[in-house]
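Q: Using my numbering, you'd call the opening residue of the sequence shown number 31 and step up by one each time.
Glycine included, every Cβ here is placed at the ideal spot set by N, Cα and C.
Here the structure is a predicted model, which means the values were calculated and not measured.
Quick one: the structure is below, questions incoming.
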Amino acid sequence: MGTAIAEAGLTVRYITTSALVNELAEADAGRRLSSVIARYSKVDLLCLDEFGYLNLDKKGAKLLFQIFTEREECKATAVATNSPFAEWDKTFGDPMLCAAIADRITFRCTLIQTGTDSYRYQATQDERQAKKR
31 MGTAIAEAGL
41 TVRYITTSAL
51 VNELAEADAG
61 RRLSSVIARY
71 SKVDLLCLDE
81 FGYLNLDKKG
91 AKLLFQIFTE
101 REECKATAVA
111 TNSPFAEWDK
121 TFGDPMLCAA
131 IADRITFRCT
141 LIQTGTDSYR
151 YQATQDERQA
161 KKR
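In structure tokens:
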């Protein structure tokens, strides 16, 4: 999806959720948070991978919330996760903040469920089968 958007001439940024939160925390500590948030708010499509894999502290969750707030209704955000919405409260620690983030992510969204099969696992299995031949 990101590749197609980029080929259409729009800007795309791919980053893992933990890397984004780390970048935001470092920017906040260096008093550069506003400029980093502004940079992410200009990207046409922000692709966040590994969403919900790591539990965020309250500060990290609030920083991520700012990104979603700046982008909502202006730019597209794609979130890749294997975690169902019901488990997101563990990621964000604060149920109200979790609800606010889910609200921003799902407003006028398209949910694409690709299933639970891992393409990495399947590729490994295919390679093993090929070696046996």
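Under the assumption that Arg101 contacts Leu76 (Cβ atoms under 8 Å), give the Cβ distance between them as a whole number of angstroms.
A: Indeed they touch by this definition, with Cβ atoms about 7 Å apart.
Q: Checking the sheet assignment: what are the DSSP bridge partners for Ala132?
A: Paired residues: none, contrary to the question.
Q: Pull the bridge partners of Asp79 from the DSSP assignment, please.
A: Bridge partners of Asp79: Thr46.
Q: So for Val109, helix, strand or coil by DSSP?
A: The answer is strand: DSSP assigns Val109 an E or B state.
Q: Count Cβ pairs between the stretch 147-161 and the stretch 113-128 that sit closer than 8 Å; are there 3 or more?
A: Cβ pair count under 8 Å is below three, so no.
Q: Looking only at its own chain, which residues have a Cβ that is under 8 Å from the Cβ of Cys104, when we skip the five neighbours before and after it?
A: Ser71, listed in sequence order.
Q: Could you tell me the distance, in whole angstroms, from the CA atom of Gln155 to the CA atom of Phe98?
A: So the two alpha carbons sit approximately 37 Å from each other.
Q: Just tell me which of Ala108, Asn85, Ile131, Arg158 has its CA closest to the CA of Gln143.
A: Nearest C-alpha to Gln143: Ala108.
Q: So, Asp74 versus Thr111, is the Cβ gap smaller than 7 Å?
A: No, the pair does not count as a contact, with Cβ atoms beyond the cut-off.
Q: Assign Phe137 to one of two classes, buried (16 or more other C-beta atoms within 10 Å of its C-beta) or exposed (fewer than that).
A: Its Cβ having fewer than 16 others within 10 Å, Phe137 is exposed.
Q: Please return the same chain residues whose Cβ sits closer than 6 Å to the Cβ of Arg43, not counting the five positions on each side in sequence.
A: Taken in chain order, the residues that qualify are Val73, Leu76.
Q: Are the beta-carbon atoms of Val66 and Ala59 separated by less than 7 Å?
A: Contact flag unset, no.
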